[in-house]
């Protein structure tokens, strides 16, 4: 393990130890937050007892669905948009200001439009994720050397084949970055929506536990979301590193 | 050497004006005939439209006026079957290993998997890439990567190979070795080779015929026949005739280069 990695782990471990110390010393009172070792114990109990598995499954399925839709649509839109310069010049400034829009503000409107089911949650997840994917794909496609596109033409590839066999494979590291962003946004969108107005899901359970001072449920669920999100992100980052190493860029 | 393979008649290229600028008359009118199986070179001062000429013949861009024929058929903005191009820039696909890069040249060919494998293996041997078949381009030197690109071109068995300063980015000794390699491939494949270069000695050593282009807009101002035997290698640079040839090329070209520089100087 490299020195840098050791320092990084030391920072995380130090932070957890600090929390543990503050909790045990009573600086953070028990009603606000139990010490980390209690959270881990409650987390183990929750998992072993299989509690909330239905809720967890439902939320994760929605996160994955929002991610998949945003990712596939985003890559397709980004790829098509890249070949229409005028359309892109019109849309670029809109993309740049897109994240100034608080998508959550429209949640009540979406509920009026689509009801209190999963629809509005998925929509928010997709809306949050898709533009990050489009922008990242455009950014990657900008970096394809012209000589590779000429090579595709010399080899008789049509525009679709060129995208699938030359330009998108060249952008693979960008596609992975886009996947990381899309997944993070899908998590925020879906879980966040469940917090605000929903009748089921992890976000709903966290919010319910919060209003009932049920720390033995709330913190393990938060820990679970953290672990899932970080694991997915690390796997994608690892894949990205493998690709970059192969290309001699790291 | 007999039949004409490529004909350019009155070919002119004018690039449309970009925002606020004037249209650029890059090339022509130019007339060239390339014979089947010959090694043809084009030399010219930088910015004379050499690469534009190559892209026109490759069918990557269309001429503004005039026409280009390959084997009797007009070329217009599609790359004809039977034409291969090697560019100056590194055109290896970094996500594919050497073998996959070379097989890419066969992707659009309607031949069986077994036949593809056989042809790729043959070209890999021919280019001395056997030990690197499973390496990625990032692990190879610039010269080796250019070999991979040449292999990817010849695996498709083109009847016309266009080379756009393919050794421009390589060091001098690698250039000489690649020159010999090119001559060998030219003889073994029987293809026509059309080479764009700014290096006079490279043109004089490799080509049967050399066209010298003027400063922009590029026109053909001289045509030199080298008269080298088909069996030849870089040792011909030691011959007396080689010296005479390069000095003739240099005389024509230096006048043109001075014109360009003069124009830059007084152009304001």
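Chains as they are written, first to last, in my numbering: chain A, 1 to 250; chain B, 1001 to 1268. Even glycine gets a Cβ: it sits at the ideal position worked out from N, Cα and C. Treat the numbers as computed from the prediction; the structure is a model and nothing was measured.
Discussion item. Do residue 1012 of chain B and residue 1080 of chain B have their beta-carbon atoms positioned less than 8 Å apart in this structure?
Written reply: One-based indexing of the second chain puts residue 1080 of chain B at position 80. One-based indexing of the second chain puts residue 1012 of chain B at position 12. Contact: no.
Worksheet entry | Proximity winner among A/224, A/191 and A/179, relative to residue 129 of chain A (alpha-carbon distances) | Within the first chain, numbered from 1, the residue matching residue 129 of chain A stands at position 129. Selected option, being the one with the closest Cα: A/179.
Item to complete: Could you spell out the range, first to last residue, of the alpha helix (DSSP H) harbouring residue 211 of chain A?
Response: Counting from 1 along the first chain, the entry for residue 211 of chain A is found at position 211. Note, residue 211 of chain A: alpha helix (DSSP H), 202-211.
Item to complete: May I ask you to list the residues that DSSP assigns as paired with residue 142 of chain A?
Response: To locate residue 142 of chain A, count along the first chain from 1; it is residue 142. Beta-bridge pairing links residue 142 of chain A to no other residue.
Practice prompt. Note down, in chain order, each residue of its chain lying with its Cβ closer than 6 Å to the Cβ of residue 1024 of chain B, except the 5 sequence neighbours on either side.
Written response: As a working mapping, residue 1024 of chain B is identified with position 24 in the second chain. Once the five neighbours on either side are set aside, the close Cβ partners of residue 1024 of chain B are 1015.
Discussion item. Taking the alpha-carbon of residue 132 of chain A as reference, which of A/86, A/67, A/234 and A/154 has the nearest alpha-carbon?
Written reply: Along the first chain, read from residue 1 onward, the residue named residue 132 of chain A stands at position 132. Nearest option by C-alpha distance: A/67.
Fill in: Alpha carbon of residue 1048 of chain B to alpha carbon of residue 5 of chain A, nearest angstrom
Here residue 1048 of chain B refers to the residue found at position 48 when the second chain is read from its first residue. Here residue 5 of chain A refers to the residue found at position 5 when the first chain is read from its first residue. If you draw a straight line from the Cα of residue 1048 of chain B to the Cα of residue 5 of chain A, it comes to about 54 Å.
Practice prompt. State the DSSP-derived secondary structure class of residue 1036 of chain B, mapped to helix, strand or coil.
Written response: The residue you call residue 1036 of chain B lines up with position 36 of the second chain. In the structure shown, residue 1036 of chain B sits in coil (DSSP, three-state: anything other than H, G, I, E or B).
Discussion item. Tell me the rounded alpha-carbon separation between residue 209 of chain A and residue 40 of chain A.
Written reply: Locating residue 209 of chain A in the first chain gives position 209, where the first residue counts as 1. Locating residue 40 of chain A in the first chain gives position 40, where the first residue counts as 1. Distance between the alpha carbons of residue 209 of chain A and residue 40 of chain A: 17 Å.
Worksheet item: How would you label residue 15 of chain A, buried or exposed, when you count the other beta carbons within 10 angstroms and need 16 or more for buried?
Response: Your numbering for residue 15 of chain A matches position 15 in the first chain. By the neighbour-count definition (other C-beta atoms within 10 Å, threshold 16), residue 15 of chain A is an exposed residue.
Item to complete: Spell out whether any CB of chain B is found under 8 Å from the CB atom of residue 157 of chain A.
Response: Within the first chain, residue 157 of chain A is the residue found at index 157, counting from 1. Residue 157 of chain A has a beta carbon lying within less than 8 Å of a beta carbon in chain B.
Worksheet item: Quick one: which chain A residues come within Cβ less than 9 Å of residue 1211 of chain B?
Response: Numbered from its first residue, the second chain carries residue 1211 of chain B at position 211. The premise fails here: residue 1211 of chain B is roughly 23 Å from chain A at the closest Cβ pair, so nothing lies under 9 Å.
Item to complete: Starting from residue 1084 of chain B, find everything on chain A with Cβ-Cβ shorter than 8 Å and list it in chain order.
Response: In the second chain, the residue the question calls residue 1084 of chain B occupies position 84. Neighbours of residue 1084 of chain B on chain A, chain order: 154.
Discussion item. Does the CB of residue 1107 of chain B have a neighbour CB from chain A at under 8 Å?
Written reply: As a first step, residue 1107 of chain B is located in the second chain; it is residue number 107 there, counting from the start. Cβ-Cβ to chain A under 8 Å: yes for residue 1107 of chain B.
Practice prompt. Give a yes or no on whether 8 Å exceeds the smallest Cβ distance from residue 1094 of chain B to chain A.
Written response: Residue numbering aside, residue 1094 of chain B sits at position 94 when the second chain is read from its first letter. Taking Cβ atoms only, chain A reaches closer than 8 Å to residue 1094 of chain B, which makes this a yes.
Practice prompt. Could you name the residues of chain B that residue 247 of chain A contacts, counting a contact when the two beta carbons are closer than 9 Å?
Written response: If you number the first chain from 1, residue 247 of chain A lands on position 247. Result: 1094, 1095, 1136, 1137 and 1138.
Worksheet item: For residue 1164 of chain B, which residues does DSSP report across the bridge?
Response: Working through the second chain from its first residue, we reach residue 1164 of chain B at position 164. Residue 1164 of chain B pairs with B/1196.
Worksheet entry | Neighbouring residues, chain B, relative to residue 242 of chain A (Cβ below 7 Å) | Counting from one through the first chain, the residue named residue 242 of chain A turns up at place 242. Counting only Cβ-Cβ distances below 7 Å, residue 242 of chain A has no contacts in chain B at all, with the closest Cβ about 11 Å away.
Worksheet entry | residue 1213 of chain B - DSSP class collapsed to helix/strand/coil | As a working mapping, residue 1213 of chain B is identified with position 213 in the second chain. The three-state secondary structure of residue 1213 of chain B, taken from DSSP, is strand.
Worksheet item: In chain B, which residues lie with their C-beta within 8 Å of the C-beta of residue 148 of chain A?
Response: Your numbering for residue 148 of chain A matches position 148 in the first chain. Ordered by position in chain B, the residues that pass the 8 Å Cβ test against residue 148 of chain A are 1091 and 1093.
Fill in: Of the residues B/1009, B/1182 and B/1093, the one placed nearest residue 1074 of chain B, counting alpha carbons only
On the second chain, position 74 is the one that residue 1074 of chain B refers to. Selection B/1009, B/1182 and B/1093 evaluated against residue 1074 of chain B yields B/1009 as nearest (Cα-Cα).
Practice prompt. Tell me the start and end of each unbroken beta strand (DSSP E) in the stretch 91-175 of chain A that is at least 3 residues and wholly inside, in chain order.
Written response: Residue ranges of uninterrupted beta strand (DSSP E) with 3 or more members are absent from the stretch 91-175 of chain A; none lies entirely inside it.
Discussion item. Please give the ranges of any alpha helix (DSSP H) in the stretch 220-248 of chain A, keeping only runs that are unbroken, at least 4 residues long and fully inside the region.
Written reply: Entirely contained in the stretch 220-248 of chain A, not one alpha helix (DSSP H) run reaches 4 residues.
Discussion item. Can you tell me where the beta strand (DSSP E) holding residue 1189 of chain B begins and where it ends?
Written reply: Translated into positions along the second chain, residue 1189 of chain B becomes position 189. Segment 1172-1189 is the alpha helix (DSSP H) holding residue 1189 of chain B; no beta strand (DSSP E) there.
Worksheet item: So what does DSSP say about residue 1073 of chain B, is it helix, strand or coil?
Response: As a working note, residue 1073 of chain B is residue 73 in the second chain. Here DSSP, grouped into helix, strand and coil, assigns residue 1073 of chain B to strand.
Worksheet entry | Per-residue contacts from residue 151 of chain A into chain B (C-beta, under 7 Å) | Position 151 of the first chain, counting from 1, holds the residue named residue 151 of chain A. Chain order gives the chain B residues near residue 151 of chain A as 1091, where near means a beta carbon separation below 7 Å.
Discussion item. At the level of alpha carbons, what is the spacing between residue 47 of chain A and residue 221 of chain A?
Written reply: The residue given as residue 47 of chain A occupies position 47 in the first chain. The residue given as residue 221 of chain A occupies position 221 in the first chain. Taking the Cα positions, residue 47 of chain A is about 10 Å away from residue 221 of chain A.
Worksheet entry | Any C-beta of chain A under 8 Å from that of residue 1039 of chain B | Sequence index remark: in the second chain, residue 1039 of chain B carries index 39 (1-based). Judged by the 8 Å Cβ criterion, residue 1039 of chain B is not in contact with chain A.
Fill in: Cβ pair count under 8 Å reaching 3, the stretch 57-77 of chain A against the stretch 185-196 of chain A
Two segments are said to touch when three or more pairs of C-beta atoms, one from each, lie closer than 8 Å; by this definition the stretch 57-77 of chain A touches the stretch 185-196 of chain A.
Worksheet item: With a CB to CB cut of under 7 Å and the five nearest residues on each side skipped, what residues in its chain are close to residue 105 of chain A?
Response: In the first chain, the residue the question calls residue 105 of chain A occupies position 105. Within the same chain, residue 105 of chain A has no close Cβ partners at all.
Worksheet item: Are the C-beta of residue 1195 of chain B and some C-beta of chain A separated by less than 8 Å?
Response: Reading the second chain from its first residue, position 195 is the one you call residue 1195 of chain B. The beta carbon of residue 1195 of chain B sits no closer than 8 Å to any beta carbon of chain A.
Worksheet item: If we count the other Cβ atoms within 10 Å of its Cβ and call it buried at 16 or more, is residue 1142 of chain B buried or exposed?
Response: Here residue 1142 of chain B is taken as the residue at index 142 of the second chain, counted from 1. Residue environment for residue 1142 of chain B: exposed (fewer than 16 other C-beta atoms within 10 angstroms of its C-beta).
Worksheet item: Does DSSP put residue 1137 of chain B in a helix, in a strand, or in coil?
Response: Working through the second chain from its first residue, we reach residue 1137 of chain B at position 137. It is helical.
Fill in: residue 1012 of chain B, enclosing beta strand (DSSP E) - first and last residue
By one-based count along the second chain, residue 1012 of chain B stands at place 12. Start and end: 1004-1015.
Worksheet item: Do the stretch 1035-1049 of chain B and the stretch 1189-1201 of chain B make contact, defined as three or more Cβ pairs closer than 8 Å?
Response: The stretch 1035-1049 of chain B is in contact with the stretch 1189-1201 of chain B.
Worksheet item: Just checking, does the stretch 132-146 of chain A make contact with the stretch 156-173 of chain A on the three C-beta pairs under 8 Å criterion?
Response: Flag = yes, the stretch 132-146 of chain A and the stretch 156-173 of chain A touch.
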